[in-house]
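Step one of this worksheet: look at the structure below.
Residue numbers (this note's numbering): 636 to 859.
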């Protein structure tokens, strides 16, 4: 597979941009359950879209636990849960000839595991996924002010959007995660260079108009 990912902290708009790409692609193939989809029947011209946590029974359970249940507050345990679903997800995708575009990746998994050394977390990810790394990464970045504004808007929205456990920790926490995410990108890039592998990174201001971001990401991924 050619593995492309969209990354950023919660509220950065990564899922929105992932969905816009999926709608734009004339040959989009959404993998929403490996129990129903046969990977061998995916047309080679399709662009495959996946999310983390995945929409497998395991992924859905993990998503519910982490975002909405008050039963798990240990970041190492959460890291390992995310790692388990990532190993399952990429095992299904790694032999595909297609472009695979993911909403989140190991980068988020490492960045949110704040009490684990980044390099150690990277090695665990490489072990679990058989050394898979993205070839292209879009990173959507927010200023602290913009992040605070987005959280406030979501909290007071007329649509009463639900604030999940991660977002409820506040802007200072998420901004610190973003700093760790940027450090993770540096370490992964350095690892790739030392192992004769290439990673392209496109860093974008997440406050740019949605349509402008969409165009920039489409051009970077060559999704037309």
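C-beta: ideal position from N, C-alpha, C; glycine also.
According to DSSP, is residue i part of a helix, a strand, or is it coil?
i           : result
residue 711 : helix
residue 737 : strand
residue 701 : helix
residue 839 : strand
residue 638 : strand
residue 804 : helix
residue 720 : helix
residue 670 : Any reading at residue 670 must be qualified, since the residue scores a pLDDT of 49, below 50, and its modelled position is unreliable; no value is offered.
residue 751 : coil
residue 731 : coil
residue 822 : helix
residue 859 : coil
residue 746 : helix
Ends of the beta strand (DSSP E) at residue i?
i           : result
residue 664 : 663-665
residue 771 : 771-776
residue 780 : No beta strand (DSSP E) contains residue 780, which is instead part of the alpha helix (DSSP H) from 779-791.
Give every residue of the same chain whose Cβ lies closer than 7 angstroms to the Cβ of residue i, excluding the five residues on either side of it in the sequence, and list them in chain order.
i           : result
residue 754 : 822
residue 793 : For residue 793, the predicted model reports a pLDDT of 46, less than 50, meaning its position is unreliable; a value from the coordinates is still stated below. Taken in chain order, the list of residues that qualify is empty.
residue 768 : 823, 827, 832 and 834
residue 650 : 738
residue 815 : 746 and 749
residue 858 : 656, 659, 660 and 682
residue 680 : 662
Assign residue i to buried or exposed, taking buried as 16 or more other Cβ atoms, counted over all protein chains shown, within 10 Å of its Cβ.
i           : result
residue 795 : Only weak support is given to the placement of residue 795: the predicted model assigns it a pLDDT of 45, under 50, and the question is left unresolved by the model.
residue 779 : exposed
residue 652 : buried
residue 847 : exposed
residue 743 : buried
Who are the Cβ neighbours of residue i in its own chain at under 6 angstroms, not counting the five residues just before and after it?
i           : result
residue 781 : 842
residue 852 : 652 and 773
Can you tell me where the alpha helix (DSSP H) with residue i in it begins and where it stops?
i           : result
residue 682 : Segment 682-686 is the beta strand (DSSP E) holding residue 682; no alpha helix (DSSP H) there.
residue 657 : 649-659
residue 765 : Unbroken run through residue 765: none, as it is neither H nor E.
residue 675 : Here residue 675 belongs to no alpha helix (DSSP H), and DSSP marks it neither H nor E.
residue 831 : Looking at the DSSP string, residue 831 is not in any alpha helix (DSSP H), and its letter there is neither H nor E.
residue 853 : 845-856
Compare the Cα-Cα distances from residue i to each of the options and report the closest residue.
i           : options               : result
residue 788 : 641, 646 and 640      : 646
residue 806 : 820, 790 and 817      : 790
residue 736 : 838, 687, 758 and 812 : 687
residue 725 : 676, 773, 752 and 666 : 666
residue 698 : 855, 717 and 784      : 717
residue 839 : 643, 638 and 639      : 643
residue 808 : 640, 786 and 759      : 786
Quick one: residues in its chain with C-beta nearer than 8 angstroms to the C-beta of residue i, no 5 flanking neighbours on either side, listed in chain order?
i           : result
residue 670 : The predicted model places residue 670 with a pLDDT of 49, which falls under 50 and marks its position as unreliable; any figure quoted below should be read in that light. If we look at residue 670 and ignore the five residues flanking it on each side, its Cβ neighbours are 691 and 692.
residue 732 : 636 and 679
residue 713 : 701, 707, 747 and 748
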